[in-house]
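Colleague: Using our numbering, read the sequence shown as starting at 6 and increasing by one per residue. Note that CB positions come from ideal geometry on N, CA and C, so glycine has one too. Let me give you the structure first, and then I'll get to my questions.
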Amino acid sequence: MWDVSEVRKYHQQFLWIDYLVFVVMLAICGCVGIYFGFVKKQKSAQQYLMGGRNMSLMPVTFSLVASFISGISLLGMPTEVYVYGTSYFFVLIGALCMTIITSYTFLPLFYELRLTSAYEYLELRFDKRVRVFGSVLFMLSLMAWLPIVIYVPALAFNQVTGVNIHIVTPLVCFVCIFYTSMGGLKAVVWTDVIQTISMFGAMIVVLVKTTLMVGGLGEVMKNNWATGRLEAPSLKFDFTERYSIWALTIGATVYYTGQVPVSQAMMQRFLALPDLRTSKKALWGFFGGLVFTSLICVYSGIVVYARYHDCDPLDSNLAVARDQLLPLLVMDVLKEWPGIPGLFVAGIFSAALSSLSTGLNSMAAVVLEDFYKPFFKELSTFHTQILVRSVVVVMGVLCVALVFVVEQLGSVLQLTISFSSATGGAQLAIFVMGIFLPFIDSTSSLCGGVAGLAATWWVAAHAQLAQARGALKFAEKPRYVYNCTYTFVASVPTETSLEKKYHYSIIYPTCGTWPSVVAWRSPRLLFSV
């Protein structure tokens, strides 16, 4: 009988054709950058950053979905379902509420103003201080988030191939920086289309093959129903519940609204479409993409359990971390299908590259529109192109460097994710005050934003302390090891940063929004005395 370490090593074997599939995906992305950078040249900053505001509906919709879904989502959500059940799927209620709110408020407003940066609105409504505050929050949040988005698929690549992340990370990120800096928004959008097809294609192949292997859909549902994994969220109004319907509805609505309409990374694509009607179609297409992605990820979680229902990889220590479950399944089930493991890894990296390229392009827009133009003289078209491309390269290299910092963070990694998620609520609150509360002035909005930011960071820090002290625990679904065919020393891995993100990130924005809206009154009372 094999030892668990031997089984683990057996699953870490990438064939040459798997590497070839992975390299081909990177090469295609690089070619897209060359096409839009040298053949279909971007002649102005508007073309480079906004695609000339005449982008087509289909590729922009694909791009919105691809850039919002990261490798963390593709690896973390199945793990969440495997360990805690399907309640997280109901977060889509919040996504639906966000879609309705955005369709009737944010999109019409931003289209009427013809903005390039979403934060231009904050200066029009308040003043430059508020605009800079919002832009700084966005930049800091993205710089904390993007290295993690890169690190997660690099770790997955290391788990299935054994290749050091210090080798694969710079290589993959160089390709992304190249096509983003050369081709601008159009290159980002069209590579997102390619990467979305790769991402979902890989996931669907894995799910179909595993479903057939375990005996069909009925067997998948039977095994998960027996252990209570197929469940709806709790109806209790209790914030200590991992997922209650109230947290998933209210918290997720605030979370998604903070991450989509008031985020430059997302709004830039909506504003690149020719008219408001087309933009609304893209918004609803984006919601449909979220539904499809969530279905894929949730089903991935229950398929993984159906495969390992009698020999849990976590308790048997076959998977040394919980985010290894899906890569383990791929190498276990599809090892005899040459090229498919390579397609899966390419799909996971595609999700990361979409998020990275979107982030770099949007940061270039923010630096130009919010940090340069309001304070310095106008540049020529040539020098503007140099500036935005330089921002993409510098920020990209910085993100790659920060990946190696993330690798050393350990338990601080979750706190970094938390603080990144926490800024969304404060940002949203400032926009909400500006749009719906016309009597609020600039100083009040700044005080409210700072209060909301402080509140969310306080909650994030104390949540981590509670986790570290064991004061905050959640019941996990049953797992069994009675039918393992290898020897092992039983262990229960600790909760990883990937799945923690899903619990706390939908609570943080809510904690930031209400203090922000309430705190606007403080300076008015202070200065009236």
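Going by beta-carbon coordinates alone, are L147 and R136 separated by less than 8 Å?
Modeller: no
Colleague: Are the CB atoms of L361 and I155 within a distance shorter than 8 Å?
Modeller: yes
Colleague: Am I right that D328 and V486 are in contact with their C-beta atoms under 8 Å? What's the rounded C-beta distance?
Modeller: Contact flag wrong, Cβ pair sits at about 20 Å.
Colleague: From V4 to N488, what distance separates their C-alpha atoms?
Modeller: Residue 4 lies beyond the range of the chain shown here (6 to 534); nothing can be said about it.
Colleague: Tell me S249's beta-bridge partners as DSSP assigns them.
Modeller: S249 is bridged to S239.
Colleague: Compare the beta carbon distance of V86 and V325 with 8 Å and say whether it is the shorter of the two.
Modeller: no
Colleague: Keeping to the same chain, check which residues put their C-beta closer than 6 Å to that of F493; ignore five residues upstream and five downstream.
Modeller: V9, S321, N322
Colleague: Out of A369, L330, Y184, S385, point me to the one whose CA is closest to S122's CA.
Modeller: A369
Colleague: Any idea what DSSP makes of W7, helix, strand or coil?
Modeller: strand
Colleague: Mind the definition here: the stretch 330 to 346 touches the stretch 13 to 22 only if three or more C-beta pairs lie below 8 Å; say whether that holds.
Modeller: yes
Colleague: Measure the alpha-carbon distance for F43 versus A356 and round it to whole angstroms.
Modeller: Cα to Cα, F43 sits roughly 26 Å from A356.
Colleague: From A231, W230, G233, I250, pick the residue whose C-alpha is nearest to that of S239; which is it?
Modeller: Of A231, W230, G233, I250, the residue nearest in Cα terms is I250.
Colleague: Just to confirm, is the Cβ distance from D225 to I301 under 8 Å?
Modeller: Here residue 225 is Val; the residue named in the question, Asp, does not match the sequence. The answer is no: Cβ separation not under 8 Å.
Colleague: What first and last residue would you give for the alpha helix (DSSP H) that runs through M55?
Modeller: 50 to 55
Colleague: Leaving out five residues before and five after T283 in sequence, what residues of the same chain have Cβ atoms less than 6 Å from its Cβ?
Modeller: L62
Colleague: Check T232 in the structure and name its three-state DSSP category.
Modeller: coil
Colleague: How about A431 and L142: are their beta carbons less than 8 Å apart?
Modeller: For A431 and L142, yes; Cβs fall inside 8 Å.
Colleague: Using the beta-carbon count (16 or more within 10 Å), is V213 buried or exposed?
Modeller: Under the 10 Å beta carbon count, V213 is surrounded by fewer than 16 other beta carbons and is classified as exposed.
Colleague: Going by DSSP, what residue range makes up the alpha helix (DSSP H) through T121?
Modeller: From DSSP, T121 is part of no alpha helix (DSSP H); its letter is neither H nor E.
Colleague: Am I right that V37 and G233 are in contact with their C-beta atoms under 8 Å? What's the rounded C-beta distance?
Modeller: With 8 Å as the limit, V37 and G233 do not qualify as a contact, their Cβ atoms being about 46 Å apart.
Colleague: Alpha carbon to alpha carbon, how far is G256 from V464? Give it in angstroms, no decimals.
Modeller: When the Cα atoms are used, V464 and G256 turn out to be separated by approximately 14 Å.
Colleague: With 16 other CB atoms within 10 Å as the buried threshold, where does D315 fall?
Modeller: Counting Cβ neighbours within 10 Å, D315 comes out exposed, since fewer than 16 surround it.
Colleague: Run through DSSP, which three-state label would T166 get?
Modeller: In this structure, T166 counts as helix in the three-state DSSP scheme.
Colleague: Which runs of the alpha helix (DSSP H) spanning at least 4 residues fall entirely within the stretch 56 to 88, listed in chain order?
Modeller: Entirely contained in the stretch 56 to 88, the alpha helix (DSSP H) runs reaching 4 residues are, in chain order, 62 to 73.
Colleague: Report all residues from its chain with a CB closer than 6 Å to the CB of F561; omit the five preceding and five following residues, and keep chain order.
Modeller: Any answer about residue 561 is impossible in this case: the structure gives the chain only from 6 up to 534.
Colleague: Looking at the secondary structure, which residues open and close the alpha helix (DSSP H) in which F409 lies?
Modeller: 386 to 411
Colleague: Could you compute how far the alpha carbon of L120 sits from the alpha carbon of P83?
Modeller: Approximately 38 Å between the Cα atoms of the pair.
Colleague: Could you tell me the distance, in whole angstroms, from the CA atom of K505 to the CA atom of A480?
Modeller: Note on K505: pLDDT 45, under 50, position unreliable in the model; the coordinate value appears next. Those two C-alpha atoms are separated by around 14 Å.
Colleague: Check each candidate in F41, A270, A351 and name the one with the smallest Cα separation from G26.
Modeller: Checking the sequence shown, residue 26 turns out to be Val, not Gly. V26 has its Cα closest to that of A351, out of F41, A270, A351.
Colleague: Which of helix, strand or coil does DSSP assign to I22?
Modeller: helix
Colleague: Suppose contacts are defined by Cβ-Cβ distances below 8 Å. Is G99 in contact with T298 by that definition?
Modeller: Going by beta carbons, G99 and T298 fall outside the 8 Å limit.
Colleague: Roughly how many angstroms lie between the CA atoms of A237 and F275, to the nearest whole one?
Modeller: Distance between the alpha carbons of A237 and F275 is about 33 Å.
Colleague: If you compare alpha carbons, which of K133, F291, A459, S268 is closest to Y377?
Modeller: When only C-alpha atoms are compared, the closest one is K133.
Colleague: What is the rounded straight-line gap between the Cα of Q51 and the Cα of T389?
Modeller: 10 Å
Colleague: Using only CA atoms, which one of F441, L97, I153 lies nearest to L80?
Modeller: I153
Colleague: In the stretch 241 to 329, which residue ranges form an unbroken alpha helix (DSSP H) of at least 4 residues, counting only runs that do not cross its ends?
Modeller: Taking only runs of at least 4 residues, the alpha helix (DSSP H) segments lying wholly in the stretch 241 to 329 are 257 to 264, 269 to 275, 281 to 312.
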